[in-house]
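A.B. asks: For the sequence shown, our numbering gives the first residue as 488, with consecutive numbering after it.
Note that CB positions come from ideal geometry on N, CA and C, so glycine has one too.
Remember, it's a predicted structure, so these values are computed and weren't measured experimentally.
Once you've had a glance at the structure underneath, I'll fire off some questions.
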Amino acid sequence: MRRAILLVVVLLDQTVVAAESEEQRRVAQVAATKGLIAFWDFSLTEDGAWTSYHDEDVAQRGYPVFLRRIGDPQTYRPDQWPYADEQSKLVFDSSGPFGRAVRFNKGYVFGEVPRSQFDRSPLDIHGNQPFTLIAWVKFIGARHLVAGIWDEGGWDKYGGRRQIALFGGLFGSRGVIGHVSATGAASYPQSTASGSQYARCRAIDGRAFENNQWIAMAMTFDPATEQVRVYCDGVATPSQITDPVAQDVFRYGEPVSSNPYHFPWPLFSPRTFVLKFNGYNVQTSGVYEHWLLVDTEEGTITYDRSCPASDKVQPEYRVEFGVERAGKSLLPRPLSLVAAGKTRAALAGGVKIEPGDQVVASLHTLEEDGWRRVGTEIRYRVREGAPFTLGRALGLGTEPIDHGTQLCIDGVAVFNRVFSGKELRRLSFAREK
């Protein structure tokens, strides 16, 4: 019987590729899917580095992914990888859907797309950008980050450069987890509950999966519906897991959906981000959250808050805001604005906030003897954005090399649109495994 040969146009240099094997057929199917920002299969290379397939209507080029090791600041192409010890050596697994999975092992070997390679590009997922992120993986040990733009910032309540990421089991779960952040830092710094220094906004799939099996993990964010949803092999299993830190803030009266997860925020960008104040709770103040949206490019700040009933918030509030560079204020005087519902203000003199600057913000309430600061003064250092990493989150305090994920990744793909479950099932290749 004549063997069928599938011809596809691969969107890198307009090269025509003959996909004859099942693995090549699957690669071709993902590469030809509309809305593709990047798809790494660890076979396609350019200038010796792994690069990504892409939809030319979406991205102008592929993005190189390099190998990294904690403690070594250098990035390496696969043919340059200098480590041969058992923990760090480069190992491949051919049993996955695409046939060339890479073993990523904690901080000994992980992948990185440097920020300089994708900042301000379609891969820099932020704001109200719909997206789908898929990873075809097999866990072989500890579970943590799989892929995404995620720097923990030492778990400081006002540190971190978290945007989006897929994880494989957190919060007592052994299912797919999709993390998102508006602050880049702690989700609820006003909380004093255990764990409030961490990012808490996440969708958790209700289906557990075991190690040593291939699965397709996926997460989507739809800003139109304000929902983050996660999938295992194209199936989103509903879950209701109420986060204890969010419970401390919102005092829920019933379980909260964790798949899908409600996320009414813009995704973090190092240039536009949310700062949440601390030192209050809804029981004494009538306010769930006070926050500022800081837009460094427009030079504006916007105050807003959420509360059970806005007409019952009795105290008067105001916000003071300043910017320091090399220890000196960039403003003639701190910007002061009334904090009563949504309020927007521009920085005087066209001041532009840049990486390295320190934002200084404080919330005040009016009492009988005058204005009193609520909580602590926020001192937030503005930084460049985080890289896109595979198999390892950065910013883990002292950066221990033994912390992180142990897994084989056969492919990672990012799209600029929200996939349906049907589309994800088709790309999971679950029935073909």
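With a cut-off of 8 Å on the beta carbons, I'd call Gly832 and Leu818 a contact; round off their distance for me.
C.D. replies: The sequence position of residue 832 within the sequence shown is 345, counting from 1. The sequence position of residue 818 within the sequence shown is 331, counting from 1. Here the sequence assigns Ala to residue 832, which means Gly is not the residue at that position. Not quite, the Cβ-Cβ distance comes to about 11 Å (not below 8 Å), so this is no contact.
A.B. asks: Between which residues of its own chain and Ser575 is the CB-CB distance below 8 Å, once the five residues before and five after are set aside?
C.D. replies: Position 88 of the sequence shown holds residue 575. Only Arg556, Asn592, Tyr595, Val596 meet the Cβ criterion.
A.B. asks: Quick one: give me the first and last residue of the alpha helix (DSSP H) that Arg923 is part of.
C.D. replies: The structure shown has nothing for residue 923, since the chain only spans 488 to 920.
A.B. asks: Just to confirm, are Leu754 and Gly882 a CB contact at a threshold of 9 Å?
C.D. replies: Along the sequence shown, one-based indexing puts residue 754 at 267. Along the sequence shown, one-based indexing puts residue 882 at 395. Cβ distance not < 9 Å, so Leu754 and Gly882 don't count as in contact.
A.B. asks: If you run the structure through DSSP and keep just helix, strand and coil, what is Ala705?
C.D. replies: On the sequence shown, residue 705 is found 218 positions in, with the first residue counted as 1. It is a strand residue.
A.B. asks: Would you say the segment 777-793 touches the segment 749-769, given that touching needs at least three Cβ pairs under 8 Å?
C.D. replies: Touching, per the Cβ criterion.
A.B. asks: Taking 9 Å as the threshold (C-beta atoms), are Pro676 and Lys799 in contact?
C.D. replies: The sequence position of residue 799 within the sequence shown is 312, counting from 1. The sequence position of residue 676 within the sequence shown is 189, counting from 1. No. Outside cutoff.
A.B. asks: Please determine if the segment 886-899 and the segment 579-592 are in contact, where contact requires at least 3 C-beta pairs separated by less than 8 Å.
C.D. replies: Judged by Cβ distances under 8 Å, the segment 886-899 makes contact with the segment 579-592, as three or more pairs qualify.
A.B. asks: Please name the residue in Ser849, Arg602, Arg866 whose C-alpha comes closest to that of Trp858.
C.D. replies: Here residue 858 corresponds to residue number 371 of the sequence shown, with the count starting at 1. Answer by Cα proximity: Ser849.
A.B. asks: Is the separation between the beta-carbon of Ser823 and that of Arg812 shorter than 9 Å?
C.D. replies: In the sequence shown, the residue the question calls residue 823 occupies position 336. In the sequence shown, the residue the question calls residue 812 occupies position 325. Contact flag unset, no.
A.B. asks: How is the alpha helix (DSSP H) around Arg694 delimited, first residue to last?
C.D. replies: Numbered from its first residue, the sequence shown carries residue 694 at position 207. Unbroken run through Arg694: none, as it is neither H nor E.
A.B. asks: Note down, in chain order, each residue of its chain lying with its Cβ closer than 6 Å to the Cβ of Trp637, except the 5 sequence neighbours on either side.
C.D. replies: On the sequence shown, residue 637 is found 150 positions in, with the first residue counted as 1. Once the five neighbours on either side are set aside, the close Cβ partners of Trp637 are Arg649, Ala652, Ala880.
A.B. asks: Taking the Cβ atom as the reference point for each residue, do Val715 and Tyr767 lie within a distance shorter than 9 Å?
C.D. replies: Reading the sequence shown from its first residue, position 228 is the one you call residue 715. Reading the sequence shown from its first residue, position 280 is the one you call residue 767. No, they are not a contact pair.
A.B. asks: How many whole angstroms separate the CB atoms of Trp623 and Gly583, which I take to be in contact at a CB cut-off of 8 Å?
C.D. replies: As a working note, residue 623 is residue 136 in the sequence shown. As a working note, residue 583 is residue 96 in the sequence shown. Indeed they touch by this definition, with Cβ atoms about 6 Å apart.
A.B. asks: Would you identify the three-state DSSP class for Ser678, choosing helix, strand or coil?
C.D. replies: Mapped onto the sequence shown, residue 678 falls at position 191. DSSP places Ser678 in coil when its eight states are reduced to three.
A.B. asks: I'd like the ranges of any beta strand (DSSP E) spanning at least 3 consecutive residues and lying wholly in the segment 557-588.
C.D. replies: Those beta strand (DSSP E) runs which fall completely within the segment 557-588 and span 3+ residues are 559-563.
A.B. asks: Between which residues of its own chain and Val545 is the CB-CB distance below 7 Å, once the five residues before and five after are set aside?
C.D. replies: The residue you call residue 545 lines up with position 58 of the sequence shown. Here the set comprises Gly522, Leu523, Ile524, Pro609, Asn903.
A.B. asks: Can you tell me whether DSSP reads Val774 as helix, strand or coil?
C.D. replies: Sequence index remark: in the sequence shown, residue 774 carries index 287 (1-based). Coil, per DSSP.
A.B. asks: Report buried or exposed for Leu531, applying the criterion of at least 16 other Cβ atoms within 10 angstroms of its Cβ.
C.D. replies: On the sequence shown, residue 531 is found 44 positions in, with the first residue counted as 1. Buried.
A.B. asks: Give the C-beta separation of Trp537 and Val517 to the nearest angstrom, bearing in mind that I take them to be a contact with Cβ-Cβ under 8 Å.
C.D. replies: On the sequence shown, residue 537 is found 50 positions in, with the first residue counted as 1. On the sequence shown, residue 517 is found 30 positions in, with the first residue counted as 1. Trp537 to Val517, Cβ: 15 Å. No contact.
A.B. asks: Would a C-beta distance cut-off of 9 Å place Ala680 and Gly647 closer than the cut-off?
C.D. replies: Position 193 of the sequence shown holds residue 680. Position 160 of the sequence shown holds residue 647. In this structure, Gly647 does not lie closer than 9 Å to Ala680 by Cβ.
A.B. asks: In angstroms with no decimal places, state the Cα-to-Cα distance between Val810 and Val743.
C.D. replies: To locate residue 810, count along the sequence shown from 1; it is residue 323. To locate residue 743, count along the sequence shown from 1; it is residue 256. Near 38 Å, if we compare the C-alpha coordinates of Val743 and Val810.
A.B. asks: Taking Cβ positions, are Gly693 and Gly665 nearer each other than 9 Å?
C.D. replies: Sequence index remark: in the sequence shown, residue 693 carries index 206 (1-based). Sequence index remark: in the sequence shown, residue 665 carries index 178 (1-based). Not a contact, by the Cβ cut-off of 9 Å.
A.B. asks: Using only alpha-carbon positions, find the residue among Glu639, Gly598, Gln700 that is nearest to Pro560.
C.D. replies: Along the sequence shown, read from residue 1 onward, the residue named residue 560 stands at position 73. Comparing Cα positions, the closest option is Gly598.
A.B. asks: In the structure shown, what three-state DSSP assignment does Ala505 receive?
C.D. replies: Start at 1 with the first residue of the sequence shown, and residue 505 comes out as number 18. Unreliable positioning characterises Ala505 in this predicted model, as indicated by a pLDDT of 46, which lies under 50. The coordinate reading is nonetheless provided below. In this structure, Ala505 counts as strand in the three-state DSSP scheme.
A.B. asks: Assuming Glu803 is part of the alpha helix (DSSP H), what are its boundary residues?
C.D. replies: For the purposes of this step, residue 803 is taken as residue 316 along the sequence shown, with counting starting at 1. Neither: Glu803 is in no alpha helix (DSSP H) and is coded neither H nor E.
A.B. asks: Just to confirm before moving on: does the CB-CB distance between His777 and Ala826 stay below 9 Å?
C.D. replies: Reading the sequence shown from its first residue, position 290 is the one you call residue 777. Reading the sequence shown from its first residue, position 339 is the one you call residue 826. The answer is yes: Cβ separation under 9 Å.
A.B. asks: Using the Cα positions of Gln616 and Glu639, report the straight-line distance between them to the nearest angstrom.
C.D. replies: The residue you call residue 616 lines up with position 129 of the sequence shown. The residue you call residue 639 lines up with position 152 of the sequence shown. Straight-line Cα distance between these residues: approximately 22 Å.
A.B. asks: Quick check: the Cα distance between Ile612 and Val901, rounded to an integer number of angstroms?
C.D. replies: As a working note, residue 612 is residue 125 in the sequence shown. As a working note, residue 901 is residue 414 in the sequence shown. For Ile612 and Val901, the distance between alpha carbons rounds to 9 Å.
A.B. asks: Can you have a look at Lys829 and say buried or exposed, based on whether 16 or more other CB atoms are within 10 angstroms of its CB?
C.D. replies: Taking the first residue of the sequence shown as position 1, residue 829 is located at position 342. With fewer than 16 Cβ atoms within 10 Å of its Cβ, Lys829 is classed as exposed.
A.B. asks: If I measure Cβ to Cβ from Pro710 and keep anything under 7 Å in the same chain, skipping five residues before and after, which residues do I get?
C.D. replies: The sequence position of residue 710 within the sequence shown is 223, counting from 1. Around Pro710: Asn615, Pro617.
A.B. asks: Mind checking Asn746: buried by the 16 CB within 10 Å criterion, or exposed?
C.D. replies: Within the sequence shown, the letter at position 259 stands for residue 746. Buried.
A.B. asks: Which first and last residues belong to the alpha helix (DSSP H) in which Lys909 is found?
C.D. replies: Translated into positions along the sequence shown, residue 909 becomes position 422. Here the alpha helix (DSSP H) through Lys909 covers 908-915.
A.B. asks: Would Thr787 and Val600 qualify as a contact pair, given that the criterion is a beta-carbon distance under 9 Å?
C.D. replies: Your numbering for residue 787 matches position 300 in the sequence shown. Your numbering for residue 600 matches position 113 in the sequence shown. The answer is no: Cβ separation not under 9 Å.
A.B. asks: Buried or exposed: which applies to Asp534, given that a residue is buried once 16 or more other Cβ atoms fall within 10 Å of its Cβ?
C.D. replies: Walking along the sequence shown from the start, residue 534 turns up at place 47. Asp534 should be labelled exposed.
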